[in-house]
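Residue numbers (this note's numbering), protein chains in the order written: chain A, 48 to 554; chain B, 59 to 549; chain C, 412 to 508. First comes the structure, then the notes that go with it.
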Amino acid sequence: MSLSDLSATELSRGLAEGQFSSREATQCCLDRIEQHDSAVGAFLAVSGASALQAAEQSDGRRAAGTVLGPLDGVPIALKDILCTIGERTSCSSRMLANFLPPYDATVVTRLREAGLVLLGKTNLDEFAMGGSTENAALGTTCNPWDLQRVPGGSSGGSAAAVAARMVPLAIGTDTGGSIRQPAAFCGAVGLKPTYGRVSRYGLIAFASSLDQVGPIARTAQDAAMLLEAIAGHDPRDSTSVNREVPCYSRDIEADFGRPTLGVVRDHFGDGLDREIAAAVEEVIRVFRSLGGTIRDIELPHSKYGIATYYVIAPCEASSNLARYDGVHYGYRTDEPAMLRDLQQQRDGSSTSDDLDTALVRMYRQSRSEGFGPEVKRRIMLGTYALSAGYYDAYYLKALKVRRLIRNDFDAAFQQVDMLLGPTTPSAAFRRGEKVNDPLSMYLEDLYTVTANLAGIAGLSIPCGFTRAGLPIGVQLLAPAFEESRLLRAAHHYQKHTDWHTKSPPLP
Amino acid sequence: MSEHGYTTVIGLEVHVQLKTRSKLFCRCSTEFGAPPNTQTCPVCIGMPGSLPVMNRQAYYLALKTALALNCEIPAYTKWDRKNYYYPDLPKGYQISQYDLPMSRDGYLEISDPKGQFPDRRIRIIRAHLEDDAGKSMHDEVAGKADSRVDLNRAGTPLLEIVSHPDLRSPAEAKEYLTELKLLLSYLDVSDCNMQEGSLRVDANVNLHVATPQGTVATPIVEIKNMNSFRAVERALAYEAQRQYEVWRDTGQQLGDVPKQTRGWDDQAQVTRAQRHKEESSDYRYFPDPDLVPVCTTPEEVQRVHAAMGELPATLRARLQRDYQLDWYDADVLVNQGRALVDYFEKVATASGDPKRAGNWIQQDVLRSLNERGIVLAEFPVTPSALAELLRCVGTGELDTTRAKDVFQHMSDHGSSVAEARQALGIVAVDRDVLVALCRDLLADHPQIVQDVKNGKQQAIGALIGQARKRNPNANPARVREICWELIERMS
Amino acid sequence: MSLTQNDVEKVSLLARLQLSPGEMAALTLQLGQIVEYVEQFNELETDGVTPMAHALDLSNVFADDVVLPSLDREQALANAPKRDEECYRVPAVLGDE
Ligand SMILES: [Mg+2]
Ligand SMILES: [Zn+2]
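Rendered as C-alpha cells:
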C-alpha cells in the first residue's frame, strides 16, 4: 500500500497522526506522476520543486502546531484554466501557451490558505470546450482504465490524475458536464456546485452564466472537504453568493434518513447504453435498501437541454473569447510575414478594403492560428446566433427555454429530494471516434447540461464497470445550495459499495 | 427655417466621465494624466479570468444626473456587452446598456440670453452607464506602421446622455451643451473637461427641406471629433450647409444612402467622411453574465432626489424672486457656478442692495478673477468686505470712482475697506473744508460762475475736476451741490 | 434553416477569424447541422416566458469606490506580444489610407 493510494481523508488523518509527512506524501505523488504520466498525460505542468517546498512548509506548520486546516499538506492538481500567479495558465490553447497571470484565482488563493500543496496543472479541452480532452492543443490525455480511450472532458486531466492515483484531489470546472462526465469516464467522484457557490474570479471564462469550479476526488468525503475549502462568497465575483458555507464534511456523516429520489424514466430510453442502464438500476436498488424512496419524475423540457446549451454557451463564449486578439497578451501571428503578404496583395490591386487592414489581418490570423477547431466552431456558432436578425430566434429563445428547464427542476424538487440517473449515455469512447462529428459529441452532454442551465448542484459517483472494464457513473442532482444532500447520499452509497476503491490497471 | 428653406435637425450624444475615485468595474485610480499603463489591473486589461464588480458611487452619480435631467428611473436595469474589436478595448466588448437603460425619457430646458431662439425643452431619450475605452495613439516617431495603446482610461465610468433630435440650430446645440455642462458642474458629478476628454460630444444631423412637394429629410450624418462647444457649433453649421448643397445637387433623401460618419477637422473647418464599416453596427448586444441587474426602489430615488441640491434652472428663478434680479443678471450669476451665486447671496444680503451687488460681482469681481487667473475660493475680498464697500457707495460716503480704487486695493492686498481707504488716503472731507474749497474755486473762475448764472448749468462740471485736483477726497456730487448753492447765494 | 458559405464568411469576419477554404466548407456543413438541431426548440411555445440570463436571482452587487493599487507597468505589459517601455503596440489603428 502506497501513500498515493490513500484518499485525502486518509492522508489528512495520517498527517495529523504523524504517520508520514506532507513531504513524503507529495514526493509519492510526484513519483507516481513520473512513473505513469508519460502514458496517461494528465498534466500539462508539474511543479515538483515548489510543491515540495510547500509540503515542507506544511510540515513546519504541523510541527509548530499552526495547521491551516484538515487539508493542510494534502497534494492537489489544478485544471489549467485557473490562474496561478507567475505560473503558465494555458487553457491547453496555443493562444495562451505563454500566458503568465499576474494574479491567483480566488480558488487558488483559498487552496493556498488552506495549506494544500499545488502539484501542477492538468490538461483539458481547449478553453474547456469539449467532452474528451481531445481538443487540447498542448497535450494528449488518456483514460487510465484504457489508454486507447478518452478520459472525458473537459476536466479530463484532473479526472485522469485522480483516477490514476497521481493525486488524491483535483480541481475541475463544469460548464455543461465537464466535471461530472470525466469523473464518470475515469471512475472518480465529481461535484458541480450550485452556480455562485464557488468564486469564478481567476477561472478563465468559457460561458460565464454556466461555469462553476468544483472538486474531483475519489470519495464523497474527500469532495466534501475540498468543497468546504473553496466555497464561499468572493467580493470580486458579482455572481458569487453571500451565503454561509455548511460544514459539508460533518453533514455527510448524518443519517441517510429516508430521502425521496426521483428517476426520470425518459432518460433510460434509446440512446442509453444497456450496461449503464443496468448499473444505474442497481444504484436505485442500493438506495432503496438504504431507506430511500424512488419516485418517477418528469422533466418535460430536459430534451431541449442540448439545443439550449449549444446556443447559450457559444454565445457567451464568442464574447468571452473576443479578448484574445493578440494585443494585450496571448498569441500574435508572425507580424512581418503578415505585413509582407498584405503588401504583395495590395501591389496587385488598387482597391483598398476597409476591413482588410493590417490590424484586421493581425486579429484574424492571430485568432485563427491561436485557436483550435472546436473553439473556432463555437465562436462561429455564438457569433452567428447573436448577429443581427438572429438574436430573437436563437439566443432569446434559448433563454426562455432555459427558464422552462429551470421550472421543471423547481417542480420536481417539490416532490423529491434528489434526482438520480446516468451521468453519461455511454462509457468512455475511443480516441478519435467522435472528433469529426461535433454534434454527436455534443449529445454526450445530454444528462449533464440541464444542471448548468438551471444552476443547481450535481454530482457523479462511480457505480460499476462495463464488461470492457470501463467505469460507469451515476449522477445525483439536488436543488441549489443542497450540496450536502448530494454528498451525504454519495457517502452512504460509498459506505455500502466499493466501486470507488477500484484502481486502474496501469502498467 | 433658414433663408434657403430648410430646418436643421440635431440630436446630441454626450459622453461624460463620472467623477469617481476608482474605475467602474475595478479599483484602479481614474486620475487623469498618469504615465501610460500605470493605472491598470487584470480587470481593466481584460485579462483572462478577471471579473467586473460595479462601483457603487458611479451608479449613484449616474442616478443623480439622470434625475437632474428629469429622467424616469426604471425599477430594473441591467448591463449588456457591446461586442466589437479595437485595440483600446481590451475585453473585446464594452460593458454598456442596451434595451433596459438605467434612465429614460427626461429633458433639459434651454433659453438663449441673446434671444436668438425661444425657450426650448430638449427631450432626452436615455442616459446610461458604461465603461470607457483606453487610448490608441498613432506613433509617428517609430514609423507609420504602429499604434500605441494606453489602457489607463479603460474602465473609467461614462454616462452616455442621448437627446432626441429636438435641436433646431447650431446655436441651440451649443446652448444645450452649455446648460448640460452647467448642470453637471452643479451636481459635481464630472470635471466636464473637453480637452482631457471627460466630456465628449457626437452629433447626428440632417435637414428638413421644404419643397413644393412637401418636407423632405436628408440622410442623417453623425459628426465626431469635435473638441470644444465652439467646434460643435461650427461643425454643425458647416454640415448643414454641406448637406443642403449635396441635397441640391443629388436630391438624396433619408434612406437612400447608409448613415455616414464624418469627422470635424478643426484646422480646415470642414467635416470629412470617415471610412464606414458596414459590419461595425452589428454589436451583438447580450446581457453581461458577469454582472447582475440593479433594482432601484422609489424610496431610493426619492432619497437621491432630496440630496440633489438646487439646480441652475430653479436657482435662476429664485434669484429673480428673492433678489428682484432680472432674468439676464440671474442667468449670468448662475452660469458662473454655485460658488459665485453663494458669494452673491452673501453680498446681497449683507449690503441690502442686491442690484448693486449683482452689478459689482458681474463686472468687477469677475474681471478681477479673470485678470488674476484665479477662482473665487482664492479671491481675497470676502463677501462681508465687499458688502461694506457697497454700503459706503450706497450712502454716498464713497463715490463710484473712489470705491473702485478701494476695491482694486482690497483685491490686490486682501485689505479691509478701512485699510484700503487709509492706504489710499481716502478720508471723509468735512463740509466746512469743502465749502472753503468751493469758495476758492468760484473766486478763481468768475467766467464759469457767469456761465452758470446765464443758465449754462453744465459749466459746473469743469469745477469738479478742479476740486479733485486740489483735494482728491472731494466727493464730486457734494462739490457740485455746494458750488450750486454758493452761486445761487451770489445772485 | 441552413447556412450558406456566404453567411459563414460574414460571421468569420465579425468573429475576426480567418478560415481556410477547407475550414469554411466543413464549418458551413457542421454549423448548418448544429443550427438545424438547435431549431428543434422552436416547437416549444415560449410567449410570455421570462428569459433566464442568469442562473441566480442576485441584484445590486456593488463595490465601494476606493482606490487599490494597480499593477505596475512591467507586470501589466509582461504578457504583451509587442510592446515598448510604456505601451502595447499594434498595427496602425487608422489603417493605411
Ligand atoms: Mg456609448
Ligand atoms: Zn483596473
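Note that CB positions come from ideal geometry on N, CA and C, so glycine has one too.
- Distances between the C-beta of B:GLU218 and the heavy atoms of ligand 1 include at least one below 6 Å.
- Around the C-beta of B:HIS471, fewer than 16 other C-beta atoms lie within 10 Å, and the residue is accordingly described as exposed.
- When DSSP assignments are scanned along the segment 332-401 of chain B, the uninterrupted stretches of alpha helix (DSSP H) that are 4 or more residues long and fall wholly within it turn out to be 356-364, 370-381, 385-393.
- The three-state secondary structure of A:GLY511, taken from DSSP, is strand.
- DSSP places B:TRP418 within a helical segment (H, G or I) once states are collapsed to three.
- In the DSSP assignment, B:ARG536 falls within the unbroken alpha helix (DSSP H) covering 534-548.
- Per DSSP, the beta bridge partners of B:HIS266 are B:THR65, B:ALA275.
- Counting the other CB atoms within 10 Å of its CB gives C:ARG500 a total of 16 or more, which places it among the buried residues.
- When the alpha-carbon of B:LEU125 is set against those of B:TYR165, B:ILE153, B:ILE103, B:PRO106, the nearest one is in B:TYR165.
- Here A:PRO526 has PHE460, ILE503 as same chain residues with Cβ atoms under 7 Å from its own Cβ, once five neighbours each way along the sequence are excluded.
- Distance from the CA of A:LYS239 to the CA of B:LEU119, rounded to the nearest whole angstrom, comes to 39 Å.
- In the DSSP assignment, B:ASN428 falls within the alpha helix (DSSP H) that extends over 424-430.
- The residue among A:ALA278, A:ALA445, A:SER434, A:LEU319 with its C-alpha nearest the C-alpha of A:ILE353 is A:ALA445.
- Taking non-hydrogen atoms of ligand 2 into account, the C-beta of A:CYS130 is found less than 6 Å away from none of them.
- For A:MET427, the uninterrupted alpha helix (DSSP H) segment begins and ends at 420-433.
- By the Cβ-count criterion, A:SER202 is buried, with 16 or more other Cβ atoms from all chains shown falling within 10 Å of its own Cβ.
- DSSP places B:HIS196 inside the beta strand (DSSP E), whose first and last residues are 193-196.
- Membership of A:PHE90 in the beta strand (DSSP E) is indicated by the continuous run 90-93.
- From the beta-carbon of A:ILE277, no residue of chain C is found nearer than 9 Å; the closest lies around 18 Å away.
- Remark: the C-beta of A:CYS362 is outside contact range of ligand 2, defined as less than 6 Å to any heavy atom.
- When Cβ pairs closer than 8 Å are counted between the two stretches, the segment 115-132 of chain A is seen to touch the segment 213-225 of chain A, the count reaching three or more.
- Within the segment 402-420 of chain A, the residues whose Cβ lies closer than 9 Å to any Cβ of chain B are, in chain order, LEU402, ALA405, LEU406, VAL407, TYR410.
- Distance from the C-beta of B:VAL111 to the nearest heavy atom of ligand 2 is not below 6 Å.
- Residues of the segment 109-143 of chain B with a C-beta atom less than 8 Å from some C-beta of chain A are LEU109, PRO110, VAL111, MET112, ARG139, ASN141, TYR143, listed in chain order.
- In the three-state DSSP reduction, B:ARG489 falls in the helix class (H, G or I).
- By the CB criterion at 7 Å, C:ARG427 and B:TYR143 fall inside the cutoff.
- The shortest C-alpha to C-alpha distance from B:PHE437 to any of B:LEU448, B:TYR401, B:THR407 is the one to B:TYR401.
- Listed along chain A are LEU147, PRO149, TYR376, each with a C-beta nearer than 9 Å to that of C:ALA489.
- Remark: C-beta atoms of B:ALA443 and B:VAL451 do not approach each other more closely than 7 Å.
- Residue environment for A:CYS76: buried (at least 16 other C-beta atoms within 10 angstroms of its C-beta).
- In the same chain as A:THR470, and ignoring 5 residues on each side of it, the C-beta atoms closer than 7 Å to its own belong to ARG227, GLN228, ALA231, TYR494, THR495, SER507, GLY520, VAL521, GLN522, in chain order.
- Any Cβ of chain C closer than 7 Å to the Cβ of A:ARG449 would place that residue at the interface, and such an atom is present.
- Approximately 17 Å separates the beta-carbon atoms of A:VAL310 and A:GLY511; this is outside 8 Å, ruling out the contact.
- Those residues having their beta-carbon less than 5 Å away from any non-hydrogen atom of ligand 2 are, in chain order, B:CYS84, B:CYS86, B:CYS99, B:VAL101, B:CYS102.
- Cβ neighbours of B:PRO351 within its own chain (closer than 7 Å, five residues either side excluded): TYR134, THR135, LYS136.
- Contact between the segment 526-537 of chain B and the segment 424-441 of chain C is absent: fewer than three C-beta pairs spanning the two stretches fall below 8 Å.
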